[in-house]
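Working notes for the structure below.
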Amino acid sequence: MYGYAGKILYVNLSKKITKTHVLIEDEAKKYVGGLGYALKLLYDHTEPKKDPFDPENILIFATGPISGVMAPTGSGCVVASKSPLTGGLGVSVMQGFFARELKRAGYDAIIIEGKAKTPMFLWINDDFVQLMDARGLWGLSPERTEEEIRKQLSDYSIRVAAIGLAGERLVRFSCIVSDQTRVAGRGGLGAVMGAKNLKAIAVHGTSDLKVADPNSLLEFCKEFFIRARGSTAVKHYTTHGKLAVSVKDRYRVTLFGTTAKYRDLGTVEDLLIYNNAGCLPTRNFSAASFEEIEKINGEHLNKYFVAKVQACSSCPIGCEHMAIVPEGPYQGAVARIEYQTMWAFGPNCGVNRPDAIIRAIELCNFYGLDAVSTGGVIAFAMECYEKGIITYDDTNGLDLKFGNYEAMLKLIDLIARREELGDILAEGVKRSAERIGNGSETVANHIKGLEMSGYDVRSLKTAALGYAVSFKGADHNTHWAHVFDLNEDENCFTVQKGCGKLVKDMEDLFAVMDSLVVCKFTISVYDGYEDLAKLYNIVTGFNLKAVDLKTAGERINNLARLFNIREGFTRKDDDLPPKIFSTPIPSGPSKGASISKEELDFMLDEYYEVRGWTSDGIPSPEKLKELELKI
Amino acid sequence: METKDASLVKFMFIDVDPNRCIGCGICELVCSLEKTGNKAFNPTKSRIRVLRIPPAFNFAISCRLCEDPPCVRACPRGALRQSDDGLIMVNKDKCNGCGWCIKACNFGSITIDPDEKIAIVCDLCKQRKGIGVFPGRKIANQACIEWCPEEAIELVNRERLAQKARESTLIKLLSGSRKPE
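The listed protein sequences derive, respectively, from chains A and B. Using this note's numbering, the first residue of the first sequence is number 37, and each one after it goes up by one. Using this note's numbering, the first residue of the second sequence is number 1077, and each one after it goes up by one.
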């Protein structure tokens, strides 16, 4: 089999046994790989309603069929488990170099079950798989862990995915970090790894990876490179381009390719764009534009802080903007900056100092915390403090006003260490609000338990539906429905007919992209399923049609839904945070924008209908039969 | 008439600009595909190697075509020799993969092929003909140069390297520092 490694590694930490299963070709075709395959394994190997921290819960690392070969941006590793935040699906994609190494070691996926008695790390060197003592690594940051493991095994080409202190202490939104800055962030998968006493996975692979048709692959890459990085011959024009309306941007897209944005200013460019469009959630969704945006906008950050732009494995785009604080109290702080993390600690916490935000992101990397959720949790605590729900005594002397960056940084420490107030907040906003009570539920911005990411869905109606139905909870990376709203021709303030189909199509496409695994920044470069199918066939030698991939995308989304239903999710959980319903946007360009329960219900009905689900959001038997899904 | 410093201009080798390198590793992949007979991707068989040192230092290293190369001198079996244009030639029959050349090389540019167990080193893609991956760029015979998305890899001689250093020094002096106002 080309593309696929053909083996799945199974590790039981309790019994200290490892074995390999053979990858079944039909299943590989049916679920593509990555996300699809991880979901299938998760569905088959977990029992419903088990606690995510139970040793029987499994953690899956899955590569895609195109990982490791030169396929552009095919460097993602999907991490999946039951999420400690939502109790449903926890899925996150980690880009970088880990997947390439895992594939070259000869595995399509790793399934990890059980719980080690003492801290362990897993060392995979081709066929040699061993559980190693990690007591000496316990408590170290992911970066130091990587360094120590490389030193211990004396090989710098070893790739490590590790958790930090937060994961060890079961902070519910901790993440898994590899290559210092590449993170499987959302869903709290680091805590699952911590609950298994598994500090890290170290991989080194040496085997050859062959593709079915290397010459066609080179041709494909060539075409991709030109589209992505520009040539006068190709004039791709994307929704992103339309959103950035200036003439300069049109010029940029034509001349420098569709990914110019990611290479130039990076996603931090969006801070200004979303601010002007009135969809930049500010101070825990109290407003939708930030008055001090010029202090943290993309131009400013790139001019004074970004030291280097670098890339993941086999990626010609290179979006990773490494920022270093040149002076001041946080001199020397280094972090990869992007829109979501800048937003989480910037506008969402009311902080206007880029150096403090960069320091906050660095701290998150140090402790292994999901920066988006951490920002959300701190913003929640700040609003509770300002509203008097928690007091100066509760915070133990921390003045948690919006914009107090020193308190924000202190609170990150406390959360990761689970000390004082941080111990409550480490449970995520949903559980924190349940414990704090006193009306704090009304300001807890989460869906299904996962903290909101940086789009104000009051002024982005299609995105509102995308967020509500996302199988991960409040995450934009299953749908990116905001791009429809931000399109010039659309009216993002009113609910329109047809949004159900828009969200469904996008979800299916993203499921396929996450299964291959390709980076979502290439959405404007790959021309939909046709290109993805072409790439898949070139690599694997199969003859899959575009429509087959589309069906696979739908199948994966339905399987995700089935998993969540099995965990007890219903239509009621396809909801939006209470604050979104109760508070219209008070000022700025999107002043007065709001969304009502009726509007959401209208969109949900439409979405379920397009999906072929019942009005309760349950996939109908006919649909399952059509998709060849058995329960 | 033969000049003394002919190798200064004659020896062309692969040089990487660390300021431009994004560490994507495409050069490694395309090199291994070009150089392995069985058309496989395997960075451990690449003649150019990428190195990333956290947080953001990226670089790729390939053979520098040294004067009086240490690898040639170190080989106990006389399997290596330097050709007239400076390339290190490996005699497949004599090489037994002992690795003395690896120890001698200051840059880690020469390695042992994990399958064939003989020394491998950059030969500037002698057999390859340029295809022009990016339109508007100079066509090069070397796969890594053509495929590098950032144009970070260049074929230079030592004289050109010195010129580049002078140029970049002047640019640095003229552009000033990047401190916030």
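Note that CB positions come from ideal geometry on N, CA and C, so glycine has one too. Everything numeric in this text was worked out from a predicted model, so none of it was measured.
- Sixteen is the threshold: when 16 or more other Cβ atoms of the shown chains lie within 10 Å of the Cβ of Arg597/A, as they do, the residue is buried.
- Taking C-beta separations shorter than 8 Å and ignoring five residues to either side along the sequence, the partners of Met1088/B in its chain run Leu1141, Asp1161, Gly1162, Leu1200, Leu1231, Val1232, Asn1233, following chain order.
- Residue range 212-214 is occupied by the beta strand (DSSP E) that includes Ile212/A.
- Burial check for Ser190/A: the Cβ neighbour count within 10 Å stays below 16, so the residue is exposed.
- When only Cα atoms are considered, Glu487/A and Gly412/A end up about 6 Å apart.
- At a beta-carbon threshold of 9 Å, the residues of chain A lying near Val1106/B are Met106, Leu254, Cys257, ordered along the chain.
- Restricted to the region 391-474 of chain A, the alpha helix (DSSP H) segments that are unbroken, complete and at least 4 residues in length are 407-422, 441-453, 457-461, 464-472, listed in chain order.
- Taking a Cβ-Cβ cut-off of 8 Å, the neighbours of Gly354/A in chain B comprise Ile1098, Cys1100, Pro1225, Glu1226, given in sequence order.
- Taking 9 Å as the threshold, the shortest C-beta distance from Met358/A to chain B falls below it.
- Around Asn161/A, the same chain offers His240 as residues with beta carbons nearer than 6 Å, after the five sequence neighbours per side are excluded.
- Residue state for Pro1119/B is assigned as helix, using DSSP reduced to three classes.
- Along the length of the region 194-232 of chain A, whole alpha helix (DSSP H) runs at least 4 residues long occupy 201-204, 225-231, reported in chain order.
- The region 283-369 of chain A contains, as complete beta strand (DSSP E) runs of 3+ residues, the segments 342-346, 356-360 (chain order).
- Only residues of its own chain outside the window of five on either side were considered, and among them Ile102, Ala107, Phe256 have a CB closer than 7 Å to the CB of Leu571/A, listed in chain order.
- Ile616/A is positioned such that its CB atom lies no closer than 9 Å to that of Ile601/A.
- One finds Ile1098, Gly1099, Cys1100 in chain B with Cβ atoms closer than 7 Å to the Cβ of Ala347/A, taken in chain order.
- Between Glu149/A and the set Gln367/A, Val207/A, Thr82/A, Pro622/A, the nearest pair of CA atoms involves Thr82/A.
- Shown here is that no member of the region 606-625 of chain A has a Cβ falling below 9 Å from a Cβ of chain B.
- For Thr1120/B, the neighbours in chain A by C-beta distance under 7 Å run, in chain order, Thr242.
- Look at Pro91/A here: in three-state DSSP terms it is coil, with no helix or strand label.
- Under the DSSP definition of a beta bridge, Leu486/A partners with Ile483/A.
- Straight through space, the alpha carbons of Glu543/A and Asp429/A are spaced by roughly 45 Å.
- Beta-bridge partners assigned by DSSP to Met1165/B: Arg1157/B.
- Beta-bridge pairing by DSSP links Asn48/A to Ile53/A, Glu149/A.
- Between the alpha carbons of Ile574/A and Glu635/A lies a gap of roughly 44 Å.
- Residues of the region 220-246 of chain A that bring their beta carbon within less than 8 Å of a beta carbon in chain B comprise Thr242, Ser243, Asp244, Leu245, Lys246, in sequence order.
- With a cutoff of 9 Å on beta-carbon distance, Ile425/A and Asn384/A are scored as not near each other.
- Assigned with DSSP and collapsed to three states, Met378/A falls in helix.
- One alpha carbon belongs to Asp80/A, the other to Lys1193/B, and they sit about 43 Å apart.
- Within 9 Å of the CB of Asn1134/B, the CB atoms of chain A belong to Lys344, Gln346, Ala347, in sequence order along the chain.
- Looking from the CA of Ala1228/B, the closest CA among Lys1086/B, Leu1109/B, Val1085/B, Asp1091/B belongs to Asp1091/B.
- Nearest Cα to Ser409/A within the set Leu461/A, Tyr421/A, Met358/A: Leu461/A.
- When C-alpha distances from Phe164/A are compared across Thr181/A, Ser177/A, Ala141/A, Tyr644/A, the shortest belongs to Ala141/A.
- Between the alpha carbons of Leu121/A and Gly1113/B lies a gap of roughly 50 Å.
- Among the residues facing chain A, Leu1127/B is included, as its CB has a counterpart in that chain under 9 Å away.
- With distances taken between CA atoms, Met130/A lies nearest to Thr217/A out of Ile667/A, Thr217/A, Asp641/A.
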